[in-house]
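This report concerns only the one structure given below.
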Amino acid sequence: MRKAVIMSTLNLRTKILLIVLGISIAAVAAMVMIVNFLIEPRLEEKLQKRGASIAHAISTQCINPILTRNLLQLDLFFHEFDEAEKDVKYLFVLAPDGAVTAHSFGREFPVDLKTLNPRLNPDGLGIARIRMADRDIIDISVPLLGGNLGRLHVGMAAASIKSDVNDILESFGGIVILFVLSSLLILYSMEKWVIKPILEIKAVSVKVGNGELGERVTVRSGDEIGVLADEFNRMIDSFKESREVIVYEKKLLARSEERFRTIIEMSPISMAIISMDGTIDYINRRTVETFGYLPEDIRDMEQMYVIAFPDEAYRSQVMAQYTDLVEKAIAGNREIERREYRVTCKDRTIKTMEIFGVPVGDKVFLMFEDITERKQAEERLRESESRYQIFTSNTSDYVYKCLRRGKEPFRIQWMAGAIEQITGYSMEEIYQMGCWMQFIHPDDKERVTSVLMKMLPGERVAIEFRIITKRGDIRWIYESSYCESGDALGEIYHYGSSQDITTRKLGEEEIVRLNGNLEGLVAQRTEELSRINRDLASFCYAISHELRAPVGRIKGLSQALQEEWAENPAAAEYCAQRIEVSSSELQQVINSVLQLSRLSQSSFVPQLLDLSVLVREVTSSLLSETPDRQVDIIIADDITARGDSSLMRLCLENLLGNAVKYTVHQPSPRIEFGRDAASGAFVIRDNGIGFDMAHADHLFEPFIRLHLEEEYAGSGIGLATVQRVIERHGGKIWAESSPGHGAAFYFTLAPTYGDMHDA
Amino acid sequence: MLVEDNIDDQFLAQRTLRKAGINSIRVAGDGQEALNILLAPGEPLPELLILDLRLPKTDGLKVFAELRRQEKTRALTVLILTSSDDPEDRETCFKLGAIAYLTKPLELSELKRLLSIG
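So the protein lines, in turn, are chains U and B. Those letters in the first sequence? Residues 1 to 759, by this note's numbering. Those letters in the second sequence? Residues 760 to 877, by this note's numbering.
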């Protein structure tokens, strides 16, 4: 590690130098090694081998001379050989006794040579190294004739080796020098072309690194370094540009920040910036105004909590909530949810604030909205609304506001009142349904929808329709609806007030029905009254007429009486008598009238009557008054009817009395009572004088006499009485007759009591 | 001629007529009788016909109408004498040309006045 560090801190130059040096040294060392361990030994080996071969070669040549004791020859030979062979430094033979047999030394034989102790190989070859005259010599010896003649020593000069080696070394050295030189050259070139530019680049980049962007690399060359330099320069240029941009933008940013600061400071909304660690970095002026707290008072959140939320329980609640909200906001990278808090200000007042904000980076940006007033207004509104709700719920009505958008179904926006009581549906249910249109009676739906859809803003309509309540019954609703433009195009609001008018409607229907009936009843009654009035009118007419006659007579007769009184007593007497008669008549008329009128007032006790029996009774009583008359009475049996006994008796007395009366001139008078098959009515027939049907209309009018009084006396109210009685029984009476052919009186009685009239 | 059914009314009317100087009075008890008499060919018309409206069998008005219908009796002087004063009857009678519509009893003064006119 340290080496690496060291290496990296050395500069390029040194690095290269070191490398070159290293290589050189390595080369030299290698060379030396090679020489020493490779070449030298080999050379030595070679020398040895050569020596050995020379030795062997010469040894064979030695033997003869030695044997022949031609030593001089040997010396000479040796000498020449020595001269000839550079490598051979000496040659000598050492006799087994150690005497020198022959040698190549010109001069004295070096004595030390004698004491050589060569190493001997198994084949007898001996190798030794000696030093002689500053030369290393390899002594190679071979035994002569198996050692009998001694040994031949050949001294091979290591010098040649050495010189060879030196040569090699020299060449190597030359190479190394060349190498070094070229390296230096390279180094120089590198220095010039690479290192210096690089250093320059380095220097400039240091400056650039320090922020000075004025310098430029001055290297100008076409090679890669030059390109690098150019690019470097370009880079500096772009740095400069960028920096200028950055500076400019920083300025802008600073300006905008300044503006921003001002905005926040001057903002009408209270704002605060809080760090994550709880420090309150900043509160704007409005915050100070709102709460009264100065920045010194609330340096951090802890401080703030204590003074802004004095109540401990509430404080812990707020803290928990706030922390939670902030966490959520940060986690979800969104704003802090709005919440209301009751904050205690410096002056001890409590303000309701809505606090919200957003985490920005490592800060939280909070805003406070004073909603105290809003809250108060809401409270007032709530009160008012609840009052209103109570009020409207108390009524039997309900009110609503609903929205109509284009052709979409109506949607209720708001409603209050007795909706549930009236419709059976709760408000929630109706909100879900959208509108009460859902439960309008199908028959009314179209009409109501069309009326409402046609409404234009500003219009007011009132409609009545039925709804089907949740329970399934039908109720009538009266609705007054007002239409107003909505907020968006095509939107219309309906404001409606609805009333349950079921009872009223039912009442109305009942009234209408009754009215219908009533009119019928009224018509009936009117008809009756008219008839009664008519009857009464004619009755009065008849009465008055009937009264006037006797009254007139009485008056006249009285006058006559007075006039005749003195002169003609008999005439006066007559007048007086006639006055009496007329008075009686008058009395009778009055009685009849009273009788007739009483008929209407008498009580009516309906019971089952046997008319047959009644008729029999009446006829027998009538005929008993005129015993001399023979009249045939034919009465059908078991004719029963419901009616009032006394009234029916009176009625029958009159009818039967008439029948008896008007048959007085008949030879064989006959009176029948029975039931008429055709009409189902009761009938009393007689075969008396009859009457002209032309007078039939007046038949039952009081005091109408169809016959001369003298012939058929009567009260004049007989048939009027009969008619009255029949009427009271709810029946009808009519007559048929022709003069001279008797008369038949038909009458019906009401089948049920309900048809009978009590009055 | 007097057409009246009630004997007392007859008595009274006759008395008044006599007092007014009319002595020849023919009495009919009912309308039909009166018509028969008056319309009988050759029968002279009375100077005055006093007619009661309330008559048996035939209504007085019908008699009057019939008299006016018949040519013979068209110009007959008719005086209505009746019990009750009915405005309608009165109108009808005057339409038919009655010279008077009087209520019973017949007043002498009234009769005299009428006779002096006619």
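All C-beta atoms in this analysis are idealised placements derived from N, C-alpha and C, irrespective of residue type, glycine included. None of the values given here were measured: they were computed from a predicted structure.
Find the residues of chain U that neighbour residue i, judging by a C-beta separation of less than 9 Å, and give them in chain order.
i	result
proline 800(B)	Simply none; closest approach about 26 Å.
Going by other Cβ atoms of all chains shown within 10 Å of its Cβ, with 16 needed for buried, is residue i buried or exposed?
i	result
asparagine 64(U)	exposed
proline 143(U)	buried
tyrosine 322(U)	buried
arginine 50(U)	buried
threonine 14(U)	exposed
lysine 351(U)	buried
glycine 731(U)	buried
glutamine 499(U)	buried
valine 615(U)	buried
aspartate 638(U)	exposed
valine 245(U)	exposed
aspartate 311(U)	exposed
phenylalanine 853(B)	exposed
arginine 334(U)	exposed
lysine 250(U)	exposed
asparagine 795(B)	exposed
alanine 29(U)	exposed
cysteine 435(U)	buried
asparagine 591(U)	exposed
Looking at C-alpha atoms only, which residue of the options is the closest neighbour of residue i?
i	options	result
glycine 211(U)	Arg243(U), Ile225(U), Thr748(U) and Ser582(U)	Arg243(U)
alanine 418(U)	Phe410(U), Tyr398(U), Arg405(U) and Ser426(U)	Tyr398(U)
lysine 89(U)	Cys62(U), Ala55(U) and Arg119(U)	Ala55(U)
isoleucine 671(U)	Arg649(U), Ile201(U) and Ile635(U)	Ile635(U)
isoleucine 66(U)	Arg107(U), Ala27(U), Leu152(U) and Ala30(U)	Leu152(U)
threonine 115(U)	His103(U), Leu125(U), Ala99(U) and Gly106(U)	Ala99(U)
histidine 729(U)	Met693(U), Ser668(U), Val605(U) and Gly714(U)	Val605(U)
threonine 640(U)	Arg675(U), Arg216(U), Leu622(U) and His665(U)	Arg675(U)
aspartate 230(U)	Ile198(U), Asn515(U) and Arg475(U)	Ile198(U)
leucine 835(B)	Val822(B), Asp844(B) and Leu776(B)	Val822(B)
valine 448(U)	Arg299(U), Val461(U) and Asn517(U)	Val461(U)
glycine 406(U)	Ala272(U), Ser59(U), Glu491(U) and Arg724(U)	Glu491(U)
arginine 387(U)	Arg475(U), Thr619(U), Met437(U) and Ala416(U)	Ala416(U)
valine 762(B)	Leu797(B), Lys778(B) and Gly780(B)	Leu797(B)
isoleucine 839(B)	Asp848(B), Lys831(B) and Thr832(B)	Asp848(B)
threonine 626(U)	Thr663(U), Met648(U) and Asn591(U)	Thr663(U)
glycine 788(B)	Arg774(B), Asp818(B) and Pro800(B)	Asp818(B)
Provide the residue(s) that pair with residue i in DSSP beta bridges, ordered along the chain.
i	result
isoleucine 739(B)	The structure shown does not extend to residue 739(B), since chain B spans only 760 to 877, so no value can be given for it.
threonine 287(U)	For threonine 287(U), which the question treats as bridged, DSSP gives no partner whatsoever.
proline 627(U)	Its beta-bridge partners do not exist; DSSP assigns none.
serine 480(U)	Ala462(U) and Ser497(U)
threonine 862(B)	Thr841(B)
glutamate 402(U)	The sequence given here has cysteine at residue 402(U), not glutamate. In the DSSP output, where bridge partners are listed per residue, cysteine 402(U) has Ile412(U) and His494(U).
glutamine 607(U)	Gly643(U)
histidine 153(U)	Phe92(U) and Ser141(U)
Which residues in chain B sit within 7 Å of residue i, going by Cβ to Cβ distance?
i	result
serine 582(U)	Asp767
arginine 534(U)	Within chain B, no residue comes near arginine 534(U); the closest Cβ sits about 15 Å away, beyond 7 Å.
arginine 705(U)	Pro815
So what's residue i in DSSP terms, helix, strand or just coil?
i	result
arginine 334(U)	coil
serine 497(U)	strand
aspartate 97(U)	coil
glutamine 666(U)	coil
alanine 541(U)	Here residue 541(U) turns out to be tyrosine, not alanine, going by the sequence shown. Helix, per DSSP.
glycine 173(U)	helix
serine 182(U)	helix
glutamate 429(U)	helix
serine 645(U)	helix
glycine 552(U)	helix
isoleucine 66(U)	helix
tyrosine 188(U)	helix
Taking Cβ positions only, does residue i come closer than 9 Å to chain A?
i	result
histidine 741(U)	Checking the listed chains, one finds no chain A in this structure; the protein chains it contains are U and B.
For residue i, return the contacting residues in chain U, with the cut-off set at a CB-CB distance below 8 Å.
i	result
arginine 813(B)	His545 and Ala549
For a contact meaning CB atoms closer than 8 Å, what does residue i contact in chain B?
i	result
arginine 553(U)	Asn765, Asp767, Asp768, Leu771, Lys863 and Pro864
So with CB distances below 7 Å, who are the chain U contacts of residue i?
i	result
serine 842(B)	His545, Arg548, Ala549 and Gly552
arginine 774(B)	Ala560
Give the interface partners of residue i over in chain B, defined as CB-CB distance under 9 Å, in chain order.
i	result
leucine 557(U)	Asp767, Phe770, Leu771 and Pro864
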